[in-house]
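Below: the structure, in structure tokens.
Number of protein chains: 2
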Amino acid sequence: MPQPVLELRHLETLLALDECGNLSKAAARLYLTQSALSHQLKALERHYGTILLVKNVRPVRFTAAGTRLLDLARSVLPQVADAERELARLAGGGGGPLRVAVQCHNCFDWLMPAMDAFRPLWPGVELDIISGFVADPLPLVERADAELAVVHDEPPARPLLSFSPLFRYESVALMSPTHPLAAKPWLEAADFQDQTLITYPVPDEMLDVMKHCLVPAGVNPRRRTAELTVAILQLVASGRGIAALPAWTIGHYIARGYVVSRPIGRGGLRCDLYAATRRAGAEVAYIREFITLTRSLCLTELQGVSAL
Amino acid sequence: MPQPVLELRHLETLLALDECGNLSKAAARLYLTQSALSHQLKALERHYGTILLVKNVRPVRFTAAGTRLLDLARSVLPQVADAERELARLAGGGGGPLRVAVQCHNCFDWLMPAMDAFRPLWPGVELDIISGFVADPLPLVERADAELAVVHDEPPARPLLSFSPLFRYESVALMSPTHPLAAKPWLEAADFQDQTLITYPVPDEMLDVMKHCLVPAGVNPRRRTAELTVAILQLVASGRGIAALPAWTIGHYIARGYVVSRPIGRGGLRCDLYAATRRAGAEVAYIREFITLTRSLCLTELQGVSAL
DNA sequence: GAAAATAATGAGTTTGAATCATTATGCCCG
DNA sequence: CGGGCATAATGATTCAAACTCATTATTTTC
Numbered sequence: 009m010p011q012p013v014l015e016l017r018h019l020e021t022l023l024a025l026d027e028c029g030n031l032s033k034a035a036a037r038l039y040l041t042q043s044a045l046s047h048q049l050k051a052l053e054r055h056y057g058t059i060l061l062v063k064n065v066r067p068v069r070f071t072a073a074g075t076r077l078l079d080l081a082r083s084v085l086p087q088v089a090d091a092e093r094e095l096a097r098l099a100g101g102g103g104g105p106l107r108v109a110v111q112c113h114n115c116f117d118w119l120m121p122a123m124d125a126f127r128p129l130w131p132g133v134e135l136d137i138i139s140g141f142v143a144d145p146l147p148l149v150e151r152a153d154a155e156l157a158v159v160h161d162e163p164p165a166r167p168l169l170s171f172s173p174l175f176r177y178e179s180v181a182l183m184s185p186t187h188p189l190a191a192k193p194w195l196e197a198a199d200f201q202d203q204t205l206i207t208y209p210v211p212d213e214m215l216d217v218m219k220h221c222l223v224p225a226g227v228n229p230r231r232r233t234a235e236l237t238v239a240i241l242q243l244v245a246s247g248r249g250i251a252a253l254p255a256w257t258i259g260h261y262i263a264r265g266y267v268v269s270r271p272i273g274r275g276g277l278r279c280d281l282y283a284a285t286r287r288a289g290a291e292v293a294y295i296r297e298f299i300t301l302t303r304s305l306c307l308t309e310l311q312g313v314s315a316l
Numbered sequence: 009m010p011q012p013v014l015e016l017r018h019l020e021t022l023l024a025l026d027e028c029g030n031l032s033k034a035a036a037r038l039y040l041t042q043s044a045l046s047h048q049l050k051a052l053e054r055h056y057g058t059i060l061l062v063k064n065v066r067p068v069r070f071t072a073a074g075t076r077l078l079d080l081a082r083s084v085l086p087q088v089a090d091a092e093r094e095l096a097r098l099a100g101g102g103g104g105p106l107r108v109a110v111q112c113h114n115c116f117d118w119l120m121p122a123m124d125a126f127r128p129l130w131p132g133v134e135l136d137i138i139s140g141f142v143a144d145p146l147p148l149v150e151r152a153d154a155e156l157a158v159v160h161d162e163p164p165a166r167p168l169l170s171f172s173p174l175f176r177y178e179s180v181a182l183m184s185p186t187h188p189l190a191a192k193p194w195l196e197a198a199d200f201q202d203q204t205l206i207t208y209p210v211p212d213e214m215l216d217v218m219k220h221c222l223v224p225a226g227v228n229p230r231r232r233t234a235e236l237t238v239a240i241l242q243l244v245a246s247g248r249g250i251a252a253l254p255a256w257t258i259g260h261y262i263a264r265g266y267v268v269s270r271p272i273g274r275g276g277l278r279c280d281l282y283a284a285t286r287r288a289g290a291e292v293a294y295i296r297e298f299i300t301l302t303r304s305l306c307l308t309e310l311q312g313v314s315a316l
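From first to last, the protein sequence lines are chains A and B.
Following the working numbering, the numbering of the first sequence begins with 9 at its first residue and continues without gaps.
Following the working numbering, the numbering of the second sequence begins with 9 at its first residue and continues without gaps.
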């Protein structure tokens, strides 16, 4: 007598499917394989005796039946989330500090909205950013001066820490539309050799292009620095040099034609962000939710971002 | 990153727990073992870091956290059920005939309310009772003159049919409060020997006491028949004989002291009801729901009824 | 205080949900 | 039109969650 074939898991899948538009992306977002989702869908469709979505079209299109289930998901999953938050409160885990240490300038672009979304859900949590960017924030977390650190790439395992993937973004090269390099479909490391590279005034370690592309290739262009993203874009637009920034920072500058962007290297330059917490912290409901909420916000809102 | 530990299954469990008042009963209702529920609860409680219910008290008492989850269940599960009904409609399985064949008189007591509850959920289903009680309704189902038959005990497997347990009820002996047998804590078959047994005018096959108790024991009391349950009770109350009826039929007669009831045999006389459908019919959403709905209504509303 | 109900526990088993490795399908573009 | 890329389907295999079984512990009842 198997009453409920349907489980919350399936509703999560449908939601992801709707947001991502295809099985593979949705699977990545759910930390599952494309195969898993395919099997899942097939089982559901067999059970209900009707197709739930048309997959050979981009993005996937939900049938009437699929839409009905999607609506169910939209109604039910938030209720579940609410209940679980309240349970955390009832279990005495509804409040506490959440100090976030961030390495990179640009992260503030998404960190602020994420914090804004988080605050009303967990009014009992004291949310702070550990200001002044820290070269290596991991010791902060280890000695409990921060609950969470955002770091690049997955660091080697540490006994006290646990790492959760946040997302992968693309760093793109920026130049004025009239710049000679704008003619190329993508840039190689060598293309930077005779250029002026405009960056934030931070160590090369913390600059994606330098760390992952130019330093390995032994390229060392002229440099110029600016504190603010707008200032960098200003300099680029006026032809004073080229820059490399995460794709998400520059959406409307591109749209307005002030600057153009080109991938760095054939497949583009991908950078991975992780959230580090102490292992004990990874159990705390509000820290977990901060991570998942941030991830999910970034994946849906930010340009050029994909699941990790 | 296992987000949802909670699944619909758990919500079903909580609901059953609330209705049944203890793990064992709830487990039976869900077709699971008591052990399964115990493990389930423990896992949930470990995950949320708080106790959900106090089990060493009858009925179990939900904690604040438990109540919150129970509320979630009460909100979410009906939404899921609604969605699934609509899916069935969208899949083209929202309508069709549902002709129910019933063996026993008393079954109408619960069949009517069940049908009343069912109708608004499936307006497209043509619900009928195959009237005139049929001695053996199984052939009706086999040759598709009925979609569902209610039968006693689990019949031997038949190639075309599938049987679903409905519930178990107790048949009790009824007598006037002043009757000598009322002094006994329970009745043996032999006690019936010199009595007048008042029954419906149907073959012994279809009378629980006869079939499962007196006939096996070779006891054959005087007989008197009446068509209606009230008439039987009237005769019993006025000392004209004793009767045996399902415990559920007689609640308020007992309460008012007109008659008293005694178990038949040490542990009482238990009878099992099953729903028979054609194997193909067991797949049809509305037939499945009719069965589960009926079962669940009877289990919660009827006296002396337990899960099978 | 014994018997009956009920719950907990840990080991063992089953099942279903995932992955892996591969094949199929559709789409774009030269 | 055919090769290459992105995406989905498939079936075998793996793995772990969830269940059962057998037993012990606890509580209730008479």
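Heads up, the beta-carbon is just placed ideally off N, CA and C, and yes, glycines get one too.
Taking its Cβ as the centre, do 16 or more other Cβ atoms sit within 10 Å of residue i, making it buried, or is it exposed?
| i | result |
| --- | --- |
| Thr257 (chain B) | buried |
| Thr207 (chain A) | buried |
| His18 (chain B) | buried |
| Arg264 (chain B) | exposed |
| Leu316 (chain B) | buried |
| Ser43 (chain A) | exposed |
| Pro86 (chain A) | exposed |
| Arg37 (chain B) | buried |
| Glu178 (chain B) | buried |
| Thr233 (chain A) | exposed |
| His113 (chain B) | buried |
| Pro188 (chain B) | exposed |
| Asp153 (chain A) | exposed |
| Cys260 (chain A) | What sits at residue 260 (chain A) in the sequence shown is His, not Cys. Exposed, by the Cβ-count rule. |
| Asp90 (chain B) | exposed |
| Arg286 (chain B) | buried |
Quick check: is the beta carbon of residue i nearer than 7 Å to any beta carbon in chain A?
| i | result |
| --- | --- |
| Gln48 (chain B) | no |
| Ala284 (chain B) | no |
Against residue i, what residues of chain A qualify as contacts under a CB-to-CB distance less than 7 Å, listed in chain order?
| i | result |
| --- | --- |
| Tyr56 (chain B) | Leu95, Ala99 |
Could you list which residues in chain B have their beta carbon closer than 7 Å to that of residue i, in chain order?
| i | result |
| --- | --- |
| Ala91 (chain A) | Arg76, Leu77, Leu80 |
| Ala73 (chain A) | Leu95, Leu98, Ala99 |
Quick one: does residue i have its CB under 7 Å from some CB of chain B?
| i | result |
| --- | --- |
| Val68 (chain A) | no |
| Leu16 (chain A) | yes |
| Leu22 (chain A) | no |
Measure from the alpha carbon of residue i to the alpha carbon of each residue in the options, then state which is nearest.
| i | options | result |
| --- | --- | --- |
| Ala73 (chain A) | B:Ser246, B:Tyr56, B:Leu95 | B:Leu95 |
| Leu16 (chain B) | B:Gly102, B:Asn228, B:Ser83 | B:Ser83 |
| Ala157 (chain A) | A:Ile138, A:Arg166, A:Ser184 | A:Ile138 |
| Gly103 (chain B) | B:Val238, B:Leu85, B:Trp130 | B:Trp130 |
| Arg176 (chain A) | A:Asp26, A:Val62, A:Gly276 | A:Gly276 |
| Ala197 (chain B) | B:Thr186, B:Gly247, B:Ile272 | B:Ile272 |
| Ala190 (chain B) | B:Ala293, B:Glu53, B:Arg270 | B:Arg270 |
| Arg364 (chain B) | B:Ala288, B:Gln48, B:Ala125 | There is simply no residue 364 (chain B) to check, as chain B begins at 9 and stops at 316 in what is shown. |
| Pro167 (chain A) | A:Thr308, A:Pro147, A:Gly249, A:Cys115 | A:Pro147 |
| Ser314 (chain A) | A:Glu53, A:Phe298, A:Leu281 | A:Leu281 |
| Ala251 (chain B) | B:Arg296, B:Ser184, B:Phe116, B:Val65 | B:Ser184 |
| Gly321 (chain A) | A:Val210, A:Gln203, A:Cys221, A:Ile262 | Given a span of 9 to 316 for chain A in the structure shown, any question on residue 321 (chain A) remains unanswerable. |
| Arg69 (chain B) | B:Val88, B:Ala181, B:Pro229, B:Leu25 | B:Leu25 |
| Leu169 (chain B) | B:Ile295, B:Ala290, B:Leu45 | B:Ala290 |
| Val62 (chain B) | B:Leu49, B:Tyr56, B:Lys219 | B:Leu49 |
How would you list, in chain order, the residues of chain B whose beta-carbon sits under 8 Å from the beta-carbon of residue i?
| i | result |
| --- | --- |
| Gln111 (chain A) | Ordered by position in chain B, no residue passes the 8 Å Cβ test against Gln111 (chain A), which lies about 22 Å from the chain. |
So with CB distances below 8 Å, who are the chain A contacts of residue i?
| i | result |
| --- | --- |
| Ser83 (chain B) | Gln87 |
Output, in chain order, the set of chain B residues within a Cβ distance shorter than 9 Å of residue i.
| i | result |
| --- | --- |
| Ala157 (chain A) | Residues of chain B passing the Cβ test: none, with the nearest at roughly 18 Å. |
(request) Enumerate, from N- to C-terminal direction, the unbroken alpha helix (DSSP H) stretches of 4 or more residues contained entirely within the stretch 69-115 of chain A. (result) 72-98
(message) Quick check for students: name the residue ranges of the alpha helix (DSSP H) that lie wholly in the stretch 143-217 of chain A, counting only runs of 4 or more.
(response) 146-150
(request) Please go through the stretch 238-269 of chain A and give each complete beta strand (DSSP E) segment of 3 or more residues, from N-terminal end onward. (result) 250-254
(request) Tell me the start and end of each unbroken alpha helix (DSSP H) in the stretch 15-45 of chain A that is at least 4 residues and wholly inside, in chain order. (result) 16-28, 31-37
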